[in-house]
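Visitor: Shown below is the structure under consideration.
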Amino acid sequence: MMPRWPAVPGENPQRRQTAISPAGVRSRHAGPLGSLLRGMPCLDLERHSPDRKSIMATRSFGRPVGLRREMEEVVASHTARAAEKIRRQGLATASLIVFAHTNRHRPDQAQYGAKRLVQLTVATADTGRLTKAAMFGLDCIWRDGFLYKKAGVIFPTLIKAGAVQGSLFLHPDDPRSKSLMASIDVLNRCYGRGTVACGTATGAKGGTLRAEHLSARYTTRWGGLLAV
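Throughout the sequence shown, residue numbering follows our numbering, covering 113 to 340 in sequence.
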(Lines of atoms letter the chains of each structure in order from A and count residues from 1; the text may use other names and numbers.)
(Lines give C-alpha, C1' and ligand atoms only; values in the text may rest on other atoms or scores of the structure.)
Protein backbone atom coordinates (compact mmCIF):
# COMPACT_ATOMS: atom_id res chain seq x y z
CA MET A 1 0.00 0.00 0.00
CA MET A 2 1.32 3.45 -0.94
CA PRO A 3 1.99 5.88 1.93
CA ARG A 4 -0.45 8.70 2.51
CA TRP A 5 0.27 12.24 3.54
CA PRO A 6 -0.64 12.97 7.14
CA ALA A 7 -3.99 14.68 7.43
CA VAL A 8 -4.17 18.09 9.06
CA PRO A 9 -7.46 18.99 10.78
CA GLY A 10 -9.40 21.53 8.74
CA GLU A 11 -7.07 21.38 5.73
CA ASN A 12 -8.38 20.84 2.21
CA PRO A 13 -6.91 17.54 0.90
CA GLN A 14 -6.76 18.81 -2.70
CA ARG A 15 -4.92 21.95 -1.64
CA ARG A 16 -2.42 19.86 0.30
CA GLN A 17 -1.75 17.70 -2.75
CA THR A 18 -1.09 20.70 -5.01
CA ALA A 19 1.60 21.88 -2.58
CA ILE A 20 3.53 18.60 -2.80
CA SER A 21 6.57 18.60 -5.08
CA PRO A 22 6.33 16.74 -8.42
CA ALA A 23 8.88 14.22 -7.16
CA GLY A 24 6.74 13.56 -4.10
CA VAL A 25 3.66 13.02 -6.25
CA ARG A 26 5.49 10.62 -8.59
CA SER A 27 6.77 8.63 -5.62
CA ARG A 28 3.25 8.03 -4.36
CA HIS A 29 1.07 7.96 -7.49
CA ALA A 30 1.49 6.59 -10.98
CA GLY A 31 0.36 8.45 -14.06
CA PRO A 32 0.04 12.17 -14.82
CA LEU A 33 -1.37 13.22 -11.44
CA GLY A 34 1.44 15.74 -10.88
CA SER A 35 0.74 17.50 -14.17
CA LEU A 36 -2.99 17.52 -13.48
CA LEU A 37 -2.44 19.11 -10.08
CA ARG A 38 -0.44 21.87 -11.77
CA GLY A 39 -3.28 22.52 -14.20
CA MET A 40 -1.64 20.97 -17.23
CA PRO A 41 -3.95 19.05 -19.63
CA CYS A 42 -2.91 15.43 -20.08
CA LEU A 43 -5.42 14.24 -22.69
CA ASP A 44 -4.59 14.36 -26.37
CA LEU A 45 -6.95 16.36 -28.55
CA GLU A 46 -9.12 14.26 -30.84
CA ARG A 47 -8.16 14.92 -34.43
CA HIS A 48 -11.53 13.64 -35.63
CA SER A 49 -14.76 13.75 -33.67
CA PRO A 50 -16.25 10.28 -33.11
CA ASP A 51 -19.17 9.21 -35.28
CA ARG A 52 -22.56 9.90 -33.84
CA LYS A 53 -24.54 6.89 -32.64
CA SER A 54 -27.96 8.52 -32.96
CA ILE A 55 -29.61 11.76 -34.03
CA MET A 56 -32.94 13.43 -33.29
CA ALA A 57 -34.99 16.13 -35.00
CA THR A 58 -37.85 17.57 -32.96
CA ARG A 59 -39.55 20.84 -32.08
CA SER A 60 -42.37 21.98 -29.85
CA PHE A 61 -45.14 23.46 -31.95
CA GLY A 62 -45.90 27.17 -31.92
CA ARG A 63 -49.57 26.18 -31.75
CA PRO A 64 -51.32 22.85 -31.10
CA VAL A 65 -51.64 20.50 -34.06
CA GLY A 66 -54.84 18.50 -34.37
CA LEU A 67 -55.02 17.70 -38.09
CA ARG A 68 -53.51 14.53 -39.49
CA ARG A 69 -52.32 16.19 -42.69
CA GLU A 70 -50.53 18.90 -40.75
CA MET A 71 -48.80 16.33 -38.54
CA GLU A 72 -47.64 14.42 -41.62
CA GLU A 73 -46.03 17.60 -42.94
CA VAL A 74 -44.26 18.22 -39.64
CA VAL A 75 -42.93 14.66 -39.30
CA ALA A 76 -41.78 14.65 -42.93
CA SER A 77 -39.97 17.94 -42.36
CA HIS A 78 -38.19 16.57 -39.28
CA THR A 79 -37.24 13.42 -41.19
CA ALA A 80 -35.77 15.43 -44.05
CA ARG A 81 -33.73 17.56 -41.67
CA ALA A 82 -32.35 14.53 -39.81
CA ALA A 83 -31.57 12.77 -43.10
CA GLU A 84 -29.61 15.79 -44.31
CA LYS A 85 -27.55 15.76 -41.10
CA ILE A 86 -26.55 12.12 -41.40
CA ARG A 87 -25.67 12.49 -45.09
CA ARG A 88 -23.39 15.38 -44.19
CA GLN A 89 -21.54 13.04 -41.80
CA GLY A 90 -21.41 10.10 -44.20
CA LEU A 91 -23.81 7.97 -42.14
CA ALA A 92 -26.97 5.95 -42.68
CA THR A 93 -29.66 4.65 -40.35
CA ALA A 94 -31.08 1.15 -39.98
CA SER A 95 -34.18 2.24 -38.05
CA LEU A 96 -36.15 5.27 -36.95
CA ILE A 97 -38.50 6.23 -34.13
CA VAL A 98 -41.50 8.50 -34.61
CA PHE A 99 -43.06 10.08 -31.53
CA ALA A 100 -45.72 12.64 -30.68
CA HIS A 101 -47.41 13.82 -27.52
CA THR A 102 -49.83 16.42 -26.24
CA ASN A 103 -49.08 19.28 -23.85
CA ARG A 104 -48.38 17.76 -20.43
CA HIS A 105 -48.76 21.18 -18.84
CA ARG A 106 -52.40 21.48 -19.91
CA PRO A 107 -54.33 19.07 -17.67
CA ASP A 108 -57.55 20.61 -18.95
CA GLN A 109 -56.88 18.99 -22.34
CA ALA A 110 -57.06 15.30 -23.25
CA GLN A 111 -53.60 13.73 -22.88
CA TYR A 112 -51.90 11.23 -25.17
CA GLY A 113 -48.40 10.29 -26.21
CA ALA A 114 -46.86 7.44 -28.17
CA LYS A 115 -43.83 6.37 -30.16
CA ARG A 116 -43.12 3.72 -32.78
CA LEU A 117 -39.87 2.04 -33.80
CA VAL A 118 -39.68 1.24 -37.52
CA GLN A 119 -36.95 -1.17 -38.64
CA LEU A 120 -35.55 -0.72 -42.14
CA THR A 121 -34.60 -3.71 -44.27
CA VAL A 122 -31.48 -1.88 -45.46
CA ALA A 123 -29.83 1.10 -43.79
CA THR A 124 -30.29 4.28 -45.82
CA ALA A 125 -29.82 8.04 -45.86
CA ASP A 126 -32.34 8.61 -48.65
CA THR A 127 -34.96 11.16 -47.60
CA GLY A 128 -37.67 9.48 -49.67
CA ARG A 129 -37.20 6.06 -48.07
CA LEU A 130 -36.95 7.53 -44.59
CA THR A 131 -40.04 9.68 -45.08
CA LYS A 132 -42.02 6.63 -46.20
CA ALA A 133 -40.93 4.75 -43.07
CA ALA A 134 -41.76 7.76 -40.89
CA MET A 135 -45.27 7.96 -42.36
CA PHE A 136 -45.78 4.30 -41.50
CA GLY A 137 -44.70 4.99 -37.93
CA LEU A 138 -47.06 7.96 -37.73
CA ASP A 139 -49.92 5.78 -38.98
CA CYS A 140 -49.32 3.47 -36.02
CA ILE A 141 -49.36 6.14 -33.31
CA TRP A 142 -51.82 8.73 -34.62
CA ARG A 143 -55.06 9.19 -32.70
CA ASP A 144 -57.77 11.67 -33.66
CA GLY A 145 -59.26 14.05 -31.13
CA PHE A 146 -56.02 15.27 -29.50
CA LEU A 147 -54.11 18.53 -29.70
CA TYR A 148 -50.46 17.61 -30.14
CA LYS A 149 -47.75 19.86 -28.74
CA LYS A 150 -44.58 18.09 -29.89
CA ALA A 151 -43.46 15.51 -32.42
CA GLY A 152 -40.19 14.32 -33.79
CA VAL A 153 -38.04 11.65 -35.38
CA ILE A 154 -35.05 9.78 -33.94
CA PHE A 155 -32.48 7.76 -35.88
CA PRO A 156 -31.20 5.46 -33.10
CA THR A 157 -28.85 3.17 -35.04
CA LEU A 158 -26.40 5.08 -37.24
CA ILE A 159 -23.68 3.33 -39.22
CA LYS A 160 -21.12 4.32 -41.84
CA ALA A 161 -22.77 4.74 -45.22
CA GLY A 162 -19.96 2.76 -46.83
CA ALA A 163 -20.56 -0.21 -44.54
CA VAL A 164 -24.26 -0.72 -45.34
CA GLN A 165 -25.10 -4.36 -46.00
CA GLY A 166 -27.68 -5.15 -48.65
CA SER A 167 -30.36 -7.81 -48.56
CA LEU A 168 -31.74 -10.38 -50.97
CA PHE A 169 -34.45 -8.03 -52.28
CA LEU A 170 -33.13 -4.55 -51.49
CA HIS A 171 -29.78 -2.90 -52.05
CA PRO A 172 -28.09 0.09 -50.42
CA ASP A 173 -28.71 3.54 -51.88
CA ASP A 174 -27.67 3.48 -55.54
CA PRO A 175 -25.54 6.20 -57.19
CA ARG A 176 -28.62 7.93 -58.65
CA SER A 177 -30.20 8.24 -55.21
CA LYS A 178 -26.97 9.56 -53.71
CA SER A 179 -26.58 12.05 -56.55
CA LEU A 180 -30.15 13.27 -56.09
CA MET A 181 -29.74 13.69 -52.34
CA ALA A 182 -26.45 15.54 -52.85
CA SER A 183 -28.11 17.94 -55.30
CA ILE A 184 -30.98 18.60 -52.89
CA ASP A 185 -28.53 19.29 -50.06
CA VAL A 186 -26.57 21.77 -52.20
CA LEU A 187 -29.72 23.65 -53.24
CA ASN A 188 -30.99 23.84 -49.67
CA ARG A 189 -27.64 25.13 -48.43
CA CYS A 190 -27.50 27.78 -51.16
CA TYR A 191 -31.12 28.94 -51.14
CA GLY A 192 -32.31 28.10 -47.63
CA ARG A 193 -33.60 25.06 -45.78
CA GLY A 194 -36.71 23.54 -47.30
CA THR A 195 -36.23 25.08 -50.76
CA VAL A 196 -36.36 21.56 -52.20
CA ALA A 197 -38.31 18.99 -50.17
CA CYS A 198 -40.52 15.94 -50.46
CA GLY A 199 -44.12 16.74 -51.31
CA THR A 200 -45.29 15.65 -47.87
CA ALA A 201 -43.08 18.23 -46.15
CA THR A 202 -43.71 21.24 -48.39
CA GLY A 203 -46.44 22.79 -46.25
CA ALA A 204 -45.09 22.16 -42.75
CA LYS A 205 -46.37 25.11 -40.71
CA GLY A 206 -47.60 23.61 -37.46
CA GLY A 207 -44.07 22.89 -36.30
CA THR A 208 -42.89 26.46 -36.69
CA LEU A 209 -40.86 27.48 -33.68
CA ARG A 210 -42.33 30.23 -31.57
CA ALA A 211 -40.37 33.48 -31.90
CA GLU A 212 -42.09 35.95 -29.61
CA HIS A 213 -38.99 37.55 -28.06
CA LEU A 214 -36.51 37.92 -30.92
CA SER A 215 -33.90 40.64 -30.75
CA ALA A 216 -34.23 43.45 -33.27
CA ARG A 217 -32.65 42.64 -36.65
CA TYR A 218 -31.18 46.03 -37.52
CA THR A 219 -28.55 44.69 -39.89
CA THR A 220 -30.57 42.13 -41.86
CA ARG A 221 -34.08 43.56 -42.37
CA TRP A 222 -35.29 46.99 -43.48
CA GLY A 223 -38.27 46.63 -41.17
CA GLY A 224 -35.91 46.21 -38.23
CA LEU A 225 -34.32 49.64 -38.59
CA LEU A 226 -34.87 52.07 -35.75
CA ALA A 227 -37.42 54.79 -36.44
CA VAL A 228 -36.31 58.25 -35.27
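Beta carbons: idealized from backbone N, C-alpha and C, even for Gly.
Taking only the alpha-carbon atoms, compute the straight-line gap between Y224 and M293 and give it to the nearest angstrom.
Guide: 35 angstroms
Visitor: What is the rounded straight-line gap between the Cα of R199 and the Cα of A237?
Guide: A straight-line Cα-Cα distance of about 6 angstroms links R199 and A237.
Visitor: Do V187 and A246 come within 8 angstroms of each other at the CB atom, strictly closer than that value?
Guide: yes
Visitor: Buried or exposed for V340, going by 16 or more other Cβ atoms inside 10 Å?
Guide: exposed
Visitor: Rounded to a whole number of angstroms, what is the C-alpha to C-alpha distance between A309 and K262?
Guide: Going from the Cα of A309 to the Cα of K262 covers about 21 angstroms.
Visitor: If I'm right that L242 touches R164 with Cβ under 8 angstroms, what's the distance once you round it to whole angstroms?
Guide: About 16 angstroms; that fails the 8 angstroms criterion.
Visitor: Can you give me the start and stop residues for the beta strand (DSSP E) that L270 sits inside?
Guide: 270–272
Visitor: Rounded to whole angstroms, what's the CA-CA distance from D220 to L259? Just pull it up for me.
Guide: In a straight line, the C-alpha of D220 is about 11 angstroms away from that of L259.
Visitor: Does the Cβ of H190 have 16 or more other Cβ atoms within 10 Å, making it buried, or fewer, making it exposed?
Guide: buried
Visitor: Would you tell me roughly how many angstroms separate the C-alpha atoms of F211 and R255, rounded to the nearest one?
Guide: Computed Cα separation, rounded: 12 angstroms.
Visitor: Give every residue of the same chain whose Cβ lies closer than 6 angstroms to the Cβ of P222, excluding the five residues on either side of it in the sequence, and list them in chain order.
Guide: For the sequence presented, residue 222 should be read as Ala rather than Pro. A distance below 6 angstroms between beta-carbons, with the five flanking residues on each side excluded, links A222 to the following residues of its chain, in chain order: F258.
Visitor: I need the straight-line Cα distance from A204 to V276, nearest angstrom please.
Guide: 8 angstroms
Visitor: Considering F248, what are the terminal residues of the alpha helix (DSSP H) in which it resides?
Guide: 239–253
Visitor: Considering H217, what are the terminal residues of the alpha helix (DSSP H) in which it resides?
Guide: In this chain, H217 is not harboured by any alpha helix (DSSP H), its DSSP state being neither H nor E.
Visitor: Tell me where the alpha helix (DSSP H) around Y303 begins and ends.
Guide: Residues 287–303.
Visitor: Which residue or residues does DSSP assign as beta-bridge partners of F211?
Guide: K227, G264
Visitor: Assign F248 to one of two classes, buried (16 or more other C-beta atoms within 10 Å of its C-beta) or exposed (fewer than that).
Guide: exposed
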